[in-house]
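Quick notes on the structure that follows.
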Amino acid sequence: MFKKLLIANRGEIARRINTVAKGMGIRTVAVYSDADAELPFVREADEAVRLGPAPARDSYLNIPALLEAAKATGAEAVHPGYGFVSESAEFASACHAAGITFVGPPPEAMLRMKDKSQARKLVSAAGVPVVPGTEDVLPDVEAARAAAERIGYPVLCKAAGGGGGIGMAAANSPAELEKVFRQCTDRAKAAFGREGVYIERYFPAPRHIEVQILGDHHGHLIHGLERECSIQRRHQKVVEEAPSPLFAEGRNAALADKLFTAALTAARAFGYANAGTVEFLYSDGDIFFIEMNARLQVEHPVTELTTGLDLIGWQLRIAAGERLTVKQEDVKRRGAALEFRIYAEDPVKFFPSPGPLKVYQPPTGEGVRLDSGYAEGNTVTPNYDPMIAKLIVSGATRAEAIERSIQALEGFRIEGIKTNIPLHLRILRDPVFRAGDLNTRFLEQHAKP
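If you're matching positions, the sequence shown starts at 1 in UniProt numbering and goes up one per residue.
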């Protein structure tokens with residue numbers, strides 16, 4: 001096992017990785033920008049190295065600075081968390097070239113997944129069901145129109161190198177397609193440095209289901225069951241849970257088997273190792289592959305709480321060359337868990353609300369876990385994602401987890417900024433949510449202020 005680990009991230013995920021690593025006897029190195037110098041993750045690590053100014057390009061995305069920090073502190077491995085350089089094959093390759101272990105999948109697997117249109121082609125050839133769409137990126141709007149006519153409207157225009165809902169928009173007609181094609185092309189170039197986009201059939205109100213994957217470098221690959229991530233706003237997840245109500249209590253067993261088989265097949269097609277997530281849409285009684293994420297997911301705690309898997313711990317062991325000793329039959333479901341992303345934002349208008357946390361008193365109680373990036377007195381910066389914390393609540397049943405979640409959210413005191421806690425409470429109290437009848441347009445249709 002590694003003696004020293006550099007954590008190439010910030011906030012709550014940096015703290016979580018730090019806690020797990022220290023529990024395994026690994027010394028930790030934090031890296032930080034000027035905007036984050038006073039945050040808990042910096043002081044909790046054994047060592048801390050300044051990367052640079054607040055902008056991510058000058059700090060958390062600065063590959064030379066990250067490598068220099070690892071070399072200067074003698075870190076043998078780097079855990080990238082999620083976001084920033086977590087899915088950068090360039091960074092993973094640079095780590096390997098420098099003799100530093102990248103805690104994640106092989107760079108070759110990351111490259112296979114990076115271009116989503118090529119990833120679709122690869123898994124489709126392996127027999128995984130994909131959303132009907134174009135095989136390659138589209139050279140111009142005329143090609144997009146022709147493809148849309150074959151697929152049938154509505155269609156979804158997507159950046160081939162995208163992620164996080166960036167460079168994605170739906171079109172219901174040729175006129176709309178022309179507009180969104182140019183819009184997605186411009187956003188893809190600005191966000192990812194390349195213009196390539198493709199289109200696929202747009203399901204107006206699907207469920208978003210994902211499967212946790214865990215594999216070692218010795219050929220052993222398992223899934224960690226599914227999570228439901230259908231509660232979204234502008235393609236960004238807001239609430240996640242495990243199990244999905246679609247599959248809870250043995251429901252739709254044949255479809256669940258198809259889902260898990262498809263996820264493992266996709267992971268093998270990519271040559272995957274370490275922790276990853278295969279994402280699907282569910283519509284009209286069937287599942288369709290949309291992408292695979294080559295990293296730990298924000299919502300991984302709901303899987304940990306319902307399966308007992310220590311995903312970060314296994315990431316580190318696998319990266320160190322150890323064999324995954326968990327067998328598929330060992331992965332059992334127990335209870336239910338929900339995760340709420342607590343954002344610094346107006347809960348009605350959804351405008352960011354950065355500023356000082358004058359009061360920050362997290363809840364406690366049975367089944368409550370908080371992964372937080374801040375403490376009372378810290379300032380939420382506008383430079384990065386506005387997530388303050390993740391509140392994860394578990395119970396013996398989904399109904400119990402929902403009631404515990406309401407109590408926890410009501411007891412979460414934050415003053416000085418606005419948060420989306422009122423939104424989470426509206427969601428939990430909505431009878432449609434409580435019935436488990438979820439889709440990606442839920443927030444448009446329900447839980448209104």
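Note that CB positions come from ideal geometry on N, CA and C, so glycine has one too.
Quick caveat, the model's predicted, so the values are computed rather than measured.
(request) State the DSSP-derived secondary structure class of Gly395, mapped to helix, strand or coil. (result) strand
(message) For the beta strand (DSSP E) containing Arg27, name the first residue and the last one.
(response) 27-33
(request) State the Cα-Cα distance for the pair residue 456 and Val348, rounded to the nearest angstrom. (result) In the structure as shown, the chain begins at 1 and stops at 449. Residue 456 is therefore absent and cannot be evaluated.
(request) Please check the pair Ile312 and Ile17, which I expect to be a contact at CB under 8 Å, by giving their CB distance rounded to whole angstroms. (result) 6 Å
(request) Kindly examine the ligand GTP and report whether one of its heavy atoms sits closer than 8 Å to the Cβ of Val20. (result) The ligand GTP is not part of the structure shown, which contains no ligands of any sort.
(request) Within 10 angstroms of the Cβ of Glu226, are there 16 or more other Cβ atoms? Answer buried if so, exposed if not. (result) buried
(message) Does the structure place the region 55-62 close enough to the region 261-278 that three or more beta carbon pairs sit under 8 Å?
(response) no
(request) Can you have a look at Gln361 and say buried or exposed, based on whether 16 or more other CB atoms are within 10 angstroms of its CB? (result) exposed
(request) Classify Gly395 as buried or exposed, calling it buried when 16 or more other Cβ atoms lie within 10 Å of its own Cβ. (result) buried
(request) Going by CA-CA distance only, name the one from Val29, Tyr32, Val123 that's closest to Pro132. (result) Val123
(request) Helix, strand or coil for Lys390, going by three-state DSSP, please let me know. (result) strand
(request) Check whether the Cβ atoms of Arg207 and Tyr153 lie closer than 9 Å to each other. (result) no
(request) Take the Cβ of Lys418 as the centre, count every other Cβ of all protein chains shown within 10 Å, and call the residue buried at 16 or more, exposed below. (result) buried
(request) Using DSSP bridges, identify the partner residues of Asp371. (result) Lys390
(message) Taking DSSP's pairing of strands, which residues face Glu226 in a bridge?
(response) Val211
(message) Measuring only the C-alpha atoms, how far is Ala119 from Ile213?
(response) 17 Å
(message) According to DSSP, simplified to helix, strand and coil, what is Thr381?
(response) coil
(message) Could you compute how far the alpha carbon of Asp34 sits from the alpha carbon of Glu366?
(response) 37 Å
(message) Tell me the residue span of the alpha helix (DSSP H) that contains Glu108.
(response) 107-114
(request) Thinking Pro352 and Pro386 are a contact (beta carbons under 8 Å), I'd like their distance in whole angstroms, please. (result) 5 Å
(message) What residue range does the alpha helix (DSSP H) around Ile13 cover?
(response) 11-23
(request) Use the C-beta contact count for Ala37: other C-beta atoms within 10 angstroms, 16 or more gives buried, fewer gives exposed. (result) exposed
(request) Starting from the C-beta of Ala242, find all residues in its chain whose C-beta is less than 6 Å away, skip the five residues before and the five after it, and write them out in chain order. (result) Arg227, Val302, Thr303, Thr306, Ala337
(message) Within 10 Å of its beta-carbon, does Gln232 have 16 or more other beta-carbons around it, so buried, or fewer, so exposed?
(response) buried
(request) Starting from Gln361, trace the beta strand (DSSP E) both ways and give me its first and last residue. (result) 359-361
(request) Quickly, what does DSSP pair Cys184 with across the bridge? List them, please. (result) According to DSSP, which records beta bridges pairwise, Cys184 is partnered with nothing at all.
(message) Just to confirm my understanding: we take Pro139, look at its own chain, exclude 5 residues before and 5 after, and list those with CB closer than 7 Å. What are they?
(response) none
(request) Consult DSSP for Glu299 and reduce its assignment to one of helix, strand or coil. (result) coil
(request) Return helix, strand or coil for Lys71, following the three-state DSSP convention. (result) helix
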